[in-house]
Amino acid sequence: MGVNNPFALYKWQALFDARDIFIDGLTTTLEVAIGALILSVLLGIIFGIAGVFPNKFIRVLNRVYVEFFQNTPLVVQVVFIYNALPQIHIVMPVLLIGIIGVGLYTGAYMAEAVRGGILSVSKGQLEAAMSQGFNYWQAMWYIILPQAKRVMLPSMANQAINLVKNTSVLAMIAGGDLMYQADSWSGSNMYYGPAYLTAGVSYWIICFLLSKYINKLEKKAEV
Amino acid sequence: MADLFGLNNFLFLMGGFKVTLEIGFFSIIFSVLIGTLVGIARYLRIPVLGHIGSLYVDIVRNIPCLLCVLIARFMTPLPPTMSGILAMSVFTGAIMAEIVRGGINSVAKGQFEAALSQGLSRWQIVYHIILPQAYRNIIPPMVSQFTTVIKDSSFVWAVGTEELTGRGTILIGRYSDTSHLFIIMGCVALIYFIVNYSLSLVARWEHRRLTAKSY
Numbered sequence: 001m002g003v004n005n006p007f008a009l010y011k012w013q014a015l016f017d018a019r020d021i022f023i024d025g026l027t028t029t030l031e032v033a034i035g036a037l038i039l040s041v042l043l044g045i046i047f048g049i050a051g052v053f054p055n056k057f058i059r060v061l062n063r064v065y066v067e068f069f070q071n072t073p074l075v076v077q078v079v080f081i082y083n084a085l086p087q088i089h090i091v092m093p094v095l096l097i098g099i100i101g102v103g104l105y106t107g108a109y110m111a112e113a114v115r116g117g118i119l120s121v122s123k124g125q126l127e128a129a130m131s132q133g134f135n136y137w138q139a140m141w142y143i144i145l146p147q148a149k150r151v152m153l154p155s156m157a158n159q160a161i162n163l164v165k166n167t168s169v170l171a172m173i174a175g176g177d178l179m180y181q182a183d184s185w186s187g188s189n190m191y192y193g194p195a196y197l198t199a200g201v202s203y204w205i206i207c208f209l210l211s212k213y214i215n216k217l218e219k220k221a222e223v
Numbered sequence: 001m002a003d004l005f006g007l008n009n010f011l012f013l014m015g016g017f018k019v020t021l022e023i024g025f026f027s028i029i030f031s032v033l034i035g036t037l038v039g040i041a042r043y044l045r046i047p048v049l050g051h052i053g054s055l056y057v058d059i060v061r062n063i064p065c066l067l068c069v070l071i072a073r074f075m076t077p078l079p080p081t082m083s084g085i086l087a088m089s090v091f092t093g094a095i096m097a098e099i100v101r102g103g104i105n106s107v108a109k110g111q112f113e114a115a116l117s118q119g120l121s122r123w124q125i126v127y128h129i130i131l132p133q134a135y136r137n138i139i140p141p142m143v144s145q146f147t148t149v150i151k152d153s154s155f156v157w158a159v160g161t162e163e164l165t166g167r168g169t170i171l172i173g174r175y176s177d178t179s180h181l182f183i184i185m186g187c188v189a190l191i192y193f194i195v196n197y198s199l200s201l202v203a204r205w206e207h208r209r210l211t212a213k214s215y
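From first to last, the protein sequence lines are chains A and B.
Following full-length UniProt numbering, the numbering of the first sequence begins with 1 at its first residue and continues without gaps.
Following full-length UniProt numbering, the numbering of the second sequence begins with 1 at its first residue and continues without gaps.
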């Protein structure tokens, strides 16, 4: 149990003493994850529908949004937002930057999932609904999306888990999330072992619980 | 302004781009290798190895890429670029393993039995019968995962490895003007976009070719 053991007992003791920092980080991570998840699902539904919209200009909007956010790194987007906003005199807490950055990025993937789900529902459904007097939005909301759910949910679930993992990007703009706290705490005392293990287990549990919950949703959607 | 577009800045950014490509290239190769080996081990239910493979996938798929980057940098003696390649390979390998598993599962079970009845060994079946068919089906998701590797390699900037994003961020620090910030980050984003969009066009083209061929 010498100094060279990365998981030496006294290092764990130090981590336990500093637990408030880690709990703080975990809270931030959860807040960003929940906020970004809500934002990304909203964006996903809006831009997903835009991707199958009759109007061509709206469909182009969907492509521009999806292609831009899927083909450039989240880190670049977040670093850009972090640096650009103060320059145009918008001051935002880092937490909000995280929610917007991660939400916009994941929204592009959600939009593709929603679009794929809608395309999997046969076209006749929309026509039938509209012939019964539904307008486009009613048909979308009451007829198409409920059927698309079965196809959409698995890939949206995958993206939700990616989203939780990607909230760690906040560490790169001093966002005070779990990864940032683990990184900066261990960076100051070199107790990497316990810090990384604690962070890893925390993320793992969040993702695991999330995937269990989504499995339940999927089962419900199948009935 | 003229200074911003000077040769020095261009070379500076390209130096970072080279590191991004290095990490991307080797991580893609290693992660496909890892994914294939783990996929085979799980498919053949090789004792111990199959279980280790499943455990590896279940653990790594649920932790952030950045954590892998930090562990590889600070808990191994590897130099920066190598530790980046290690982190990205291990992280992406788990995702590749799932993609390979999906591809193997898409091959009809009768193929294995038919080959077995012809006297082929289990390894021969995997190598000559299962993998070629599996790969055909998974090229599109694999290639789109390649774009994720290129994008996620920007996480190594967190440990100070100067790849494209890192070099871009350093450049921002040298100029204070708003327009400079937009131009620099725009260039960085554009470079990523060109690489990744080309890759995703390949994925889409493959997807169309495969679906056209298989009806």
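Don't be surprised by glycine CBs; every beta carbon is placed ideally from N, CA and C.
Only a predicted model underlies this, so the values are computations on that prediction, with no experimental measurement involved.
Between the CA atoms of residue j and residue i - distance to the nearest angstrom
i	j	result
V156(B)	T28(A)	22 Å
M185(B)	Q132(A)	51 Å
A8(A)	G193(A)	8 Å
K212(A)	Y43(B)	24 Å
V60(A)	F22(A)	44 Å
Y191(A)	I139(B)	41 Å
R204(B)	S144(B)	9 Å
M1(A)	K11(A)	Bear in mind that a pLDDT of 48 at M1(A), under 50, signals an unreliable position, so the model cannot answer this.
F16(A)	I191(B)	44 Å
residue 225(A)	I99(A)	For residue 225(A) there is no data in the structure shown, the boundaries of chain A being 1 and 223.
A18(A)	W185(A)	9 Å
Y196(A)	G175(A)	17 Å
I38(A)	V102(A)	11 Å
A129(A)	A108(A)	28 Å
Q181(A)	N166(A)	15 Å
I71(B)	F57(A)	46 Å
Q13(A)	D20(A)	13 Å
V38(B)	V66(A)	32 Å
K216(A)	S120(A)	22 Å
Run of the alpha helix (DSSP H) containing residue i, from where it starts to where it stops
i	result
T147(B)	131-152
R19(A)	19-50
A97(B)	80-106
H128(B)	First-last for H128(B): undefined, no H or E at that position.
T106(A)	94-120
L7(B)	7-43
A129(A)	123-131
R174(B)	164-174
A139(A)	Note, A139(A): premise wrong, no alpha helix (DSSP H); not H, not E.
S69(A)	Checking the sequence shown, residue 69(A) turns out to be Phe, not Ser. Taken as a continuous stretch (DSSP letters only), the alpha helix (DSSP H) holding F69(A) covers 56-71.
L74(A)	74-87
Y180(A)	178-189
L170(A)	Premise fails: L170(A) is in no alpha helix (DSSP H) and is neither H nor E.
residue 234(B)	No answer is possible for residue 234(B): the residues shown for chain B start at 1 and end at 215.
I71(B)	65-74
S117(B)	109-117
Contacts that residue i makes with chain B (C-beta to C-beta distance below 7 Å)
i	result
D17(A)	Those do not exist, as D17(A) stays about 21 Å from chain B at its closest Cβ, beyond 7 Å.
A199(A)	L67
P154(A)	Simply none; closest approach about 12 Å.
Under 8 Å by beta carbon: chain A residues contacting residue i
i	result
T165(B)	P73, V75, V76, V79
N196(B)	Q70, N71, T72
Buried versus exposed, by CB contacts within 10 Å (16 or more), residue i
i	result
V91(A)	exposed
Y215(B)	Low local confidence applies: a pLDDT of 48 at Y215(B) is under 50, so the model's placement there is unreliable, with the coordinate-based value given in what follows. When all chains shown are included, Y215(B) counts as exposed.
F47(A)	buried
L170(A)	buried
R208(B)	exposed
P64(B)	buried
V201(A)	exposed
R45(B)	exposed
Chain-ordered neighbours of residue i on chain A, where CB pairs are closer than 7 Å
i	result
A189(B)	T72, V76
F155(B)	V75
L181(B)	N83, A84, Q87
S200(B)	N71
I74(B)	Correcting the residue type first, residue 74(B) is Phe in the shown sequence and not Ile. By Cβ distance, chain A contributes Y192.
I172(B)	N83
Neighbour list for residue i in chain B, Cβ cutoff strictly below 8 Å
i	result
D183(A)	L70, A158
Contacts of residue i in chain B (Cβ-Cβ under 9 Å)
i	result
Y203(A)	N62, I63, P64, L67
M92(A)	Near M92(A) there are no residues of chain B at all, since even the closest Cβ is about 16 Å away, more than 9 Å.
Y213(A)	Ordered by position in chain B, no residue passes the 9 Å Cβ test against Y213(A), which lies about 14 Å from the chain.
Interface residues of chain A facing residue i [CB-CB closer than 9 Å]
i	result
I59(B)	G200, W204
F193(B)	E67, F68, N71, T72
Residue i: CB within 7 Å of a non-hydrogen atom of the ligand FMN
i	result
E127(A)	Among the components of this structure there are no ligands whatsoever, and the ligand FMN is therefore not found.
Fill in: Residues of the region 63-87 of chain A whose Cβ lies closer than 9 Å to any Cβ of chain B, in chain order
Listed by position, the residues of the region 63-87 of chain A near chain B (Cβ gap below 9 Å) are E67, F68, Q70, N71, T72, P73, L74, V75, V76, Q77, V79, F80, N83, A84, Q87.
Practice prompt. Please name the residues in the region 139-150 of chain B whose beta-carbon is closer than 7 Å to at least one beta-carbon of chain A, in chain order.
Written response: Listed by position, the residues of the region 139-150 of chain B near chain A (Cβ gap below 7 Å) are T147.
Worksheet item: Of the residues that make up the region 17-43 of chain B, which ones have a beta carbon closer than 9 Å to any beta carbon in chain A?
Response: Residues: none.
Item to complete: With 7 Å as the C-beta to C-beta threshold (strictly closer), list the residues of the region 135-152 of chain A near chain B in chain order.
Response: If the cut-off is 7 Å between Cβ atoms, the region 135-152 of chain A has nothing near chain B.
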